[in-house]
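Have a look at the structure below, then the notes.
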Amino acid sequence: MTDSDVTKDGVRGERAGREATPAGPGPGGTSAERSGPAAGKTDRKRRRGKRRGEEPMVPRAEFGSYYGRPVIKAPGWKATDIAGYFFAGGLAGAGSVLAAGAQLSGRPTTAKAMKLSSLAAVTASTAALIHDLGRPERFANMLRVFKPTSPMSVGSWLLAAYGPAAGAAAVLETTGRLPRINTAATGTAALLGPVVAAYTAVLAADTAVPAWHEAHRELPYLFVSSATAAASGMALVTAPVRENAPARRAALLAAAGEAAAVRLKRRRLGMIAETYERGKAGKLMRAAELLTAGGALGAAVLGRRYRSGAAVSGLALLAGSACTRFGVFHAGIASAEDPAYTVVPQRERRERRAAEAAARVAGGADGDSGARDGQDGQHG
Amino acid sequence: MTEIDLRDLLSGPEADPAGRAGYTGHPERVGFFTDTSVCIGCKACEVACKEWNAIPEDGLSLTGMSYDNTQGLGGSTWRHVAFIEQSAVTRAPAPPEPAGAVTPGAEVPHPDGRTELRWLMSSDVCKHCTHAACLDVCPTGSLFRTEFGTVVVQEDICNGCGYCVPACPYGVIEQRPSDGRAFKCTMCYDRLGEGMEPACAKACPTDSIQFGPLDELRERAAGRVEQLREAGVTDARLYGEDPEDGVGGDGAFFLLLDEPEVYGLPPDPVVTTRDLPRMWTHAGVAALSLLGGIATAFLSSPAARRGAGTARTGVFGRGLGR
Ligand code: SF4
Ligand code: SF4
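Residue numbers (this note's numbering), protein chains in the order written: chain A, 1 to 380; chain B, 1001 to 1322.
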């Protein structure tokens, strides 16, 4: 919104040129050729989507935009703060579950290590949040109301409950005092941990950012899988080989879950999926896939016998999880900055709805709920 | 301010947003009808808004893209006049374009078959949505619904978290880079309270910006579209007036002469919180699957059986009173 941005944008050539690209002449009209990078990209994607049979109906290739400028505003969040927050929150949350399991099954080293890592991670995530807000008292301000319609508000309260529990579990474990309170804290953290790991997906999805909002079904599963990968990676790095069997299994489950979530998401997102496949996000998502799968396999094959194998696999899992979070973050930013990802899917949705309404009128059936479902389906 | 209104999750038609926000005996819901067919792009609204609301300057350099150097709504631009420059206006059998005159590909249908450049000008503003995503997601209650049914940010409460920014399906609200807090059009809340119309509407010399009770504006707008269509302007359409749309209808709606996206508006905006119940459900299931997955990893691992004896004597086991 500042002047320098503008100039830079112009130089970067993001703008289609001096002309605002108008929309096509409506159904049945000639397809106007679009100038500008965004439009070209859309066309290309279209063809690919069609070939793969991902989109049931062939969307119109043209769309208009106002000088190629974004329709929605990308979040002003810094990647290190918010993607870092997603990663640290996941590591902490899933780590608390591993810690409780380890404690329950008599794996003291793992239990202690995971409690400490969860404390460190939740501290880091709170620090990232505060850094993003700018001033520490602003975090306290977050607790001034409780609003279920705001995932940010729900998350702040969740952190306020989970953080002290995770902290108490770690401190009491280290000092060896107050075992009952330690147990209660460990249990509380293990129950809240999964919610901490999952809610960040809602935080991202409850925005108009196409790559996040349209993926709102898969993102929570992707996020908990990624969190489990990180936590099991941490356990593999910190715990002795004789204790790491559950971490190895958890890593395999996490890798499978993540791969499944990513594939489902790609299938359902249509053209928006390309924001996860291109540019910075694409690189990160590919790296995440390799690191997570490699780490889980490495742990399964080597982690049982070799301490070093377990540690290297664990580090790969941690790195893979971080790449997933940053990949999702950058895909969101890319989808917000290019008007094509806002305009084209919305136009398609509108046209599909119009077609359905027309069909319903023609059919004369009582398909009101059908139309609603159709709309939801396209949207969600 | 601390109301927990789960009904805010709902989308769809809502006749009385102010009433639902808890006001009783409140005034009629007011809004803007921006008729872009008469806009002359004088920017009086932009200037009046800046002056009345004492909004800081937000960049003085030229963009080179058109006469529009403000480019879009933002933290320091609450009214924005879009200038859409369209050339080679043709329909059907397109005559070959004069060489070098215009960029190819900018065909625009027009009923009167004009082949010259045309300008579309439109003064954009916050839509004051019936279901406002910015308001729904704000964690501090800084954004609130006024008794007039409009949506306003309180700068003294805003936390600068920036969550409202990507939540708005229209890309309206923005954090001001200088202080991190979010700002947007208030529909001149301070003037409304005094029975005055907002500064932009007051300043508009062509009545392109009309202010008044929303119901009345909707009627007037329908009449205007009718009139334009009869006059042969078949591209005339209303945008944002429909209470059945994804945001429950806008408190500020428009008469456009082309597709919404040409003006930088989303074709089918939806309040992001419409899907929130489903999102929370999926998150809950995901959280449970995390818990279950890790439990499985422990139960099915041979070491767990080996260590079972220890578990009972472990801290956790004792704590559970087993
Ligand atoms: S247009 Fe955006 S900023 Fe304005 S009320 Fe709607 S959601 Fe909020
Ligand atoms: S930036 Fe301010 S107004 Fe926007 S959601 Fe955060 S606290 Fe609310």
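For every residue, glycine included, the Cβ atom is placed at its ideal position computed from N, Cα and C.
(message) Let me make sure I understand the geometry here. Which of B/Arg1229, B/Thr1024, B/Gly1031, B/Tyr1163 has the alpha-carbon closest to that of B/Val1125?
(response) The shortest Cα separation from B/Val1125 among B/Arg1229, B/Thr1024, B/Gly1031, B/Tyr1163 belongs to B/Gly1031.
(message) Cutting at 7 Å between CB atoms, please list the residues of its own chain near B/Cys1168, excluding the five before and the five after it.
(response) Once the five neighbours on either side are set aside, the close Cβ partners of B/Cys1168 are Ala1133, Cys1134.
(request) Measuring from each Cβ to the nearest heavy atom of ligand 1, keep the ones under 6 Å and list them in chain order. (result) Every residue passing the under-6 Å Cβ criterion appears here: B/Cys1126, B/Lys1127, B/His1128, B/Cys1129, B/Ala1132, B/Ala1133, B/Cys1134, B/Val1151, B/Cys1168, B/Tyr1170, B/Val1172, B/Ile1173, B/Lys1184.
(message) If you measure between the beta carbons of A/Ala121 and A/Ala165, is that distance less than 7 Å?
(response) The answer is no: Cβ separation not under 7 Å.
(message) Restricting to runs no shorter than 4 residues, where is the alpha helix (DSSP H) found entirely within the segment 1204 to 1287 of chain B?
(response) Fully enclosed alpha helix (DSSP H) runs of 4 or longer: 1214 to 1230.
(request) Tell me whether A/Tyr85 is buried or exposed, calling it buried when 16 or more other Cβ atoms sit within 10 Å of its Cβ. (result) Buried: at least 16 other Cβ atoms inside 10 Å.
(request) Determine the burial state of B/Val1089: buried for a count of at least 16 other Cβ atoms within 10 Å of its Cβ, exposed for fewer. (result) Its pLDDT being 47, under 50, B/Val1089 is placed unreliably by the model, and the measurement read from it follows with that caveat. So B/Val1089 ends up on the buried side.
(request) Using a Cβ-Cβ cut-off of 7 Å, state whether B/Leu1291 counts as contacting chain A. (result) Interface annotation, B/Leu1291: in contact with chain A, CB-CB separation under 7 Å.
(message) Restricting to Cα atoms, I'd like to know which of A/Ala310, A/Leu192, A/Thr183 is closest to A/Asn241.
(response) Correcting the residue type first, residue 241 of chain A is Val in the shown sequence and not Asn. Considering only alpha carbons, the answer is A/Ala310.
(request) Given a cut-off of 7 Å, decide if A/Gly155 and A/Tyr199 are closer than it, judged by their beta-carbon atoms. (result) In contact: A/Tyr199 and A/Gly155 (Cβ atoms closer than 7 Å).
(request) Put A/Arg69 into one of helix, strand or coil per three-state DSSP. (result) Note: A/Arg69 maps to coil in three-state DSSP.
(request) Just tell me which of A/Ser308, A/Ala201, A/Ala205, A/Ser150 has its CA closest to the CA of A/Ala239. (result) Proximity to A/Ala239 across A/Ser308, A/Ala201, A/Ala205, A/Ser150 peaks at A/Ser308, based on C-alpha coordinates.
(message) Applying the 10 Å Cβ sphere with the 16-neighbour rule, what's the burial state of B/Gly1193?
(response) By the 10 Å Cβ count, B/Gly1193 comes out exposed.
(message) With a threshold of 7 Å between beta-carbons, can A/Ile333 be considered close to chain B, or not?
(response) Interface with chain B (7 Å Cβ-Cβ cutoff): A/Ile333 is excluded.
(message) Taking 6 Å as the cut-off, is the C-beta of B/Leu1143 nearer than that to any heavy atom in ligand 2?
(response) Yes, since a heavy atom of ligand 2 falls inside the 6 Å radius drawn around the Cβ of B/Leu1143.
(message) Give me the DSSP bridge partner(s) of B/Trp1119.
(response) B/Trp1119 is bridged by DSSP to B/Glu1085.
(message) Please report whether the beta-carbon of A/Val202 lies at a distance below 7 Å from any beta-carbon of chain B.
(response) For A/Val202, the nearest CB of chain B lies under 7 Å from its own CB, placing it at the interface with that chain.
(message) List, in chain order, every chain A residue whose beta-carbon is nearer than 7 Å to that of B/Trp1280.
(response) Near B/Trp1280 (Cβ distances below 7 Å), the residues of chain A are Val202.
(message) Under 7 Å, Cβ to Cβ, is there at least one residue of chain B near A/Pro75?
(response) Judged by the 7 Å Cβ criterion, A/Pro75 is in contact with chain B.
(request) Have a look at A/Trp77 and A/Asn244 and give me their C-alpha separation to the nearest angstrom. (result) So the two alpha carbons sit approximately 37 Å from each other.
(message) Give me the DSSP bridge partner(s) of B/Gln1175.
(response) B/Ala1182.
(request) Sort B/Arg1118, B/Gly1064, B/Gly1149 by Cα distance to B/Lys1127 and report the nearest one. (result) It is B/Gly1149.
(request) Spell out whether any CB of chain B is found under 7 Å from the CB atom of A/Arg360. (result) A/Arg360 does not count as touching chain B.
(request) Answer yes or no: the CB of B/Gly1162 versus the heavy atoms of ligand 2, is any distance below 6 Å? (result) B/Gly1162 Cβ: within cutoff of ligand 2.
(message) I want to see whether chain B comes within less than 7 Å of A/Leu178, judged by CB atoms only; does it?
(response) The Cβ of A/Leu178 sits no closer than 7 Å to any Cβ of chain B.
(message) Count Cβ pairs between the segment 174 to 181 of chain A and the segment 293 to 302 of chain A that sit closer than 8 Å; are there 3 or more?
(response) When Cβ pairs closer than 8 Å are counted between the two stretches, the segment 174 to 181 of chain A is seen not to touch the segment 293 to 302 of chain A, the count staying below three.
(request) Under 8 Å between beta-carbons, which chain B residues line up against A/Ile72? List them in chain order, please. (result) Under the 8 Å cutoff, chain B gives Pro1166, Cys1168, Pro1169, Tyr1170, Gly1171, Pro1266.
(message) Is B/Val1153 near ligand 2 - that is, is its Cβ less than 6 Å away from at least one heavy atom of it?
(response) Answer for B/Val1153: yes, Cβ within range of ligand 2.
(request) Rounded to whole angstroms, what's the CA-CA distance from B/Gly1284 to A/Leu191? Just pull it up for me. (result) Going by the C-alpha atoms only, they are around 12 Å apart.
(message) What does the alpha-carbon distance come out to for the pair A/Ala229 and A/Ala250?
(response) Here the alpha carbons of A/Ala250 and A/Ala229 stand approximately 7 Å from one another.
(request) Use the C-beta contact count for B/Ile1294: other C-beta atoms within 10 angstroms, 16 or more gives buried, fewer gives exposed. (result) Label assigned to B/Ile1294: buried.
(message) Between A/Thr149 and ligand 2, is there a pair consisting of the residue's CB and a ligand heavy atom that are separated by less than 6 Å?
(response) Not one heavy atom of ligand 2 sits closer than 6 Å to the Cβ of A/Thr149.
(message) Is A/His216 close to chain B? Criterion is C-beta to C-beta, closer than 7 Å.
(response) A/His216 counts as touching chain B.
(request) Look at the alpha carbon of B/Glu1216 and the alpha carbon of A/His131, and state the distance between them as a whole number of angstroms. (result) Distance between the alpha carbons of B/Glu1216 and A/His131: 47 Å.
(request) Compute the Euclidean distance between the alpha carbons of A/Thr207 and A/Gly106, then round it to the nearest angstrom. (result) Each residue's alpha carbon lies about 43 Å from the other.
(message) Would B/Thr1036 pass as an interface residue toward chain A - the criterion being a Cβ-Cβ separation below 7 Å?
(response) Answer no: the Cβ-Cβ gap between B/Thr1036 and chain A never drops below 7 Å.
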